[in-house]
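Chains as they are written, first to last, in the numbering used here: chain A, 1 to 124; chain B, 125 to 248.
Protein chains: 2
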Amino acid sequence: MRAARRNELAEDYVELIAELIHSHGEARPVDIATRMGVTAPTVAKTLDRLARDGLITRAKYRSIFLTEQGRALAKECRHRHEIVLRFLLSLGLDAETAERDAEGIEHHVSERTLALFSAFANRS
Amino acid sequence: MRAARRNELAEDYVELIAELIHSHGEARPVDIATRMGVTAPTVAKTLDRLARDGLITRAKYRSIFLTEQGRALAKECRHRHEIVLRFLLSLGLDAETAERDAEGIEHHVSERTLALFSAFANRS
DNA sequence: GCGAAATGTTAGACAAGGCTAACAATCTGC
DNA sequence: GCAGATTGTTAGCCTTGTCTAACATTTCGC
């Protein structure tokens, strides 16, 4: 039973939804589409999957809410993202590249690696 | 025109094929299936796509060859993989976790980050 | 050198993640 | 408070990546 593999897309959506709610007060599909660089129907279909998987709740033509589970995932993702980002910056990477790379890397670091990243960023 | 996004699966296959050719003298679907943890038909279909994309050549019931383009990609991937792996090890990560994380991370590091990883591994 | 085992292929199903086209609802500025 | 703009949804298509079932070929042991 390997499984439990990270669903990167779900993590990115949930993280973004949390961020939109925080910064805009609500998460609307149009903003998600813009930020993710996909079309509105793609967002709609993906949101349906997230709802099916219990990460969000939504109603037709209404903005999106995170479930308890969604909030927990978003928090965990943000935490991982922060550590990877701080680590890359402390290595000397420019802010823009650090942000881009962090988004790719954050889904692939083990707990152990994350701990080392965190320690490195803190001590340097 | 964003595009040119890395095809992780293609990279993993090509890297593995190069490795199998190097270590076993040839790359056979059965070994690819084992190493990738997928079934034989999945490998067959993926190999067809790689052939379509000009990365490998193959003939029915024969082992697989990399094209010039495939070899170039394999070389580039191996190079990236090596750097990421050495970097993680030099950070103090255990070999097994380093190998696993490197496989995930190698597809997401920019040239710039790679250079920093390399420098860090060399100086420490 | 033949029959069984191993390997490879084909066919067909399915889910995810993407798109365009067409339509429906909501919001906004007079 | 209505018309037009914006936003959201639905339908339908496509590719990728995965599987199982069935069949074909090659290889190996004797």
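Even glycine gets a Cβ: it sits at the ideal position worked out from N, Cα and C.
- At a cut-off of 7 Å between beta carbons, residue 83(A) makes no contact with chain B.
- Rounded to the nearest angstrom, the gap between the Cα atoms of residue 113(A) and residue 147(B) is 29 Å.
- Under the criterion of beta carbons closer than 8 Å, residue 223(B) and residue 209(B) qualify as touching, at roughly 7 Å.
- Interface criterion met: the Cβ of residue 234(B) is under 7 Å from a Cβ in chain A.
- Those residues of the segment 191 to 221 of chain B placed with their C-beta closer than 8 Å to a C-beta in chain A are 212, 215, 216, 217, 218 and 221, ordered along the chain.
- Listed as beta-bridge partners of residue 57(A) by DSSP are 65(A).
- Between the alpha carbons of residue 132(B) and residue 108(A) lies a distance of about 13 Å.
- Counting along the chain, residue 151(B) sits inside no alpha helix (DSSP H), nor does DSSP assign it H or E at all.
- Secondary structure note for residue 122(A): its alpha helix (DSSP H) is the uninterrupted segment 111 to 123.
- 7 Å or more divides the Cβ of residue 167(B) from the Cβ of residue 180(B).
- With its beta carbon at least 7 Å from every one in chain A, residue 140(B) lies outside the interface.
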